[in-house]
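Input: a single structure, listed below in structure tokens.
2 protein chains.
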Amino acid sequence: MNINQATDYGFRAVLYLAQKDGREWTDAHTISEHEVIPIRFLLKIMPNLIRAGIVKSQRGIGGGYALARNPKDVSLLDVVEAIEGPIYLNRCLENEDYCSKHGAPVCKIHRTLEEIQDLLSSELGRRNFADLLD
Amino acid sequence: MNINQATDYGFRAVLYLAQKDGREWTDAHTISEHEVIPIRFLLKIMPNLIRAGIVKSQRGIGGGYALARNPKDVSLLDVVEAIEGPIYLNRCLENEDYCSKHGAPVCKIHRTLEEIQDLLSSELGRRNFADLLD
DNA sequence: ATTAAAATATACTCAACGGGTATAGTTTTG
DNA sequence: CAAAACTATACCCGTTGAGTATATTTTAAT
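Chains as they are written, first to last, in this note's numbering: chain A, 188 to 321; chain B, 188 to 321.
Given below as structure tokens:
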């Protein structure tokens with residue numbers, strides 16, 4: 188029950204870019220050094236943030252990455268979902284077929300976990316990267 | 188970011204026993220059939236619940252499992268922790284050494300995740316198995 | 001046009017974990 | 001003592017996590 192390392196690196200990369208406030212390109216090497224992230228791993232993670240519209244990139248000399256949106260419009264949930272996909276506390280909340288009692292009218296455990304999952308999502312959605320800037 | 192299958196089975200086994208309200212022993216075979224849990228896997232999971240003091244067992248003819256406490260005194264968190272161990276949203280919340288920026292005075296991301304983790308724990312702690320009984 | 005600096009795409013590795021199964025043993029009661 | 005139960009330990013095997021390697025493409029400066 189936790190976020191993975193890639194997501195943790197993603198948080199830190201986004202926070203680092205948020206400090207620049209979209210003014211300039213920052214290359215992977217710089218992010219990697221400041222945030223202590225293995226560079227090849229970082230380079231694999233970044234495209235996920237780009238596909239999610241959180242970050243933009245520029246190739247070639249002088250290129251790098253920058254935030255694509257205002258820090259206050261990027262939530263922790265955005266980053267988690269960009270890297271790990273949607274959050275499901277229990278796999279039966281992803282697909283009912285996973286429930287071995289599948290067909291049982293409504294599972295009380297299932298519903299309770301769903302409530303907690305919704306709470307978790309909304310809490311991650313409330314925190315944005317502007318709040319995280321000192 | 189989810190609970191594992193063993194924990195889901197654990198929830199269901201405990202809920203099933205809660206319905207019996209500690210009055211009698213229920214053997215693994217019966218739980219396995221009613222809750223559609225592979226019996227050998229169930230037999231591996233149960234000792235975790237026993238070590239946590241949630242369930243008690245009796246060997247021999249007529250034996251089986253029963254709740255060791257009142258259903259209202261068993262929370263979802265109790266079962267999660269019995270089977271998966273403590274909840275850590277991020278591994279740096281388990282041990283600071285996992286933070287590659289280890290030594291950074293205080294990480295804002297770390298602190299925010301901790302808040303959310305505490306919320307999640309308390310929410311899982313609030314729901315007990317008496318509530319889950321129809 | 002060429003070169004160098006960047007990101008991108010794809011594939012690979014390797015250990016750990018998830019989800020189970022198998023075998024052998026112990027306790028209890030009849 | 002035999003049968004019914006739980007217990008302990010060890011194995012299996014596919015997937016995921018975390019990261020590395022190689023080759024390619026885009027871009028800007030010269």
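Just so it is clear, CB atoms sit at the ideal spot from N, CA and C, and this is done for glycine as well.
For the stretch 264 to 277 of chain A, the set of residues with a beta-carbon nearer than 8 Å to any beta-carbon of chain B comprises V267, E271, I274, Y275, L276, N277, in chain order. Runs of alpha helix (DSSP H) with 4 or more residues, each lying fully within the stretch 221 to 285 of chain A, are found at 226 to 238, 263 to 271, listed in chain order. The Cβ of K259 of chain A sits no closer than 8 Å to any Cβ of chain B. Cα atoms of P234 of chain B and F198 of chain B: separation of roughly 14 Å, rounded to the nearest angstrom. Across the set B:S308, B:R313, B:A255, the C-alpha of B:A255 shows the shortest separation from the C-alpha of W212 of chain B.
Here F316 of chain A is buried, its C-beta having at least 16 other C-beta atoms within 10 Å.
Distances from the alpha-carbon of D195 of chain A to those of B:I303, B:H297, B:P225 put B:H297 closest. Rounded to the nearest angstrom, the Cβ distance from T299 of chain B to R314 of chain A is 5 Å, consistent with a contact under 8 Å.
Under DSSP, T299 of chain A takes part in no beta bridge, so it has no partner. Residues of chain B with a Cβ closer than 7 Å to the Cβ of F198 of chain A are, in chain order, I296. The beta carbons of A239 of chain A and D265 of chain A sit closer together than 8 Å. For L204 of chain B against A269 of chain B, the beta-carbon gap comes to about 13 Å, at or over 8 Å, which does not count as contact. By the beta-carbon neighbour count (other beta carbons within 10 angstroms, threshold 16), Q304 of chain B is buried.
Burial check for P273 of chain B: the Cβ neighbour count within 10 Å stays below 16, so the residue is exposed.
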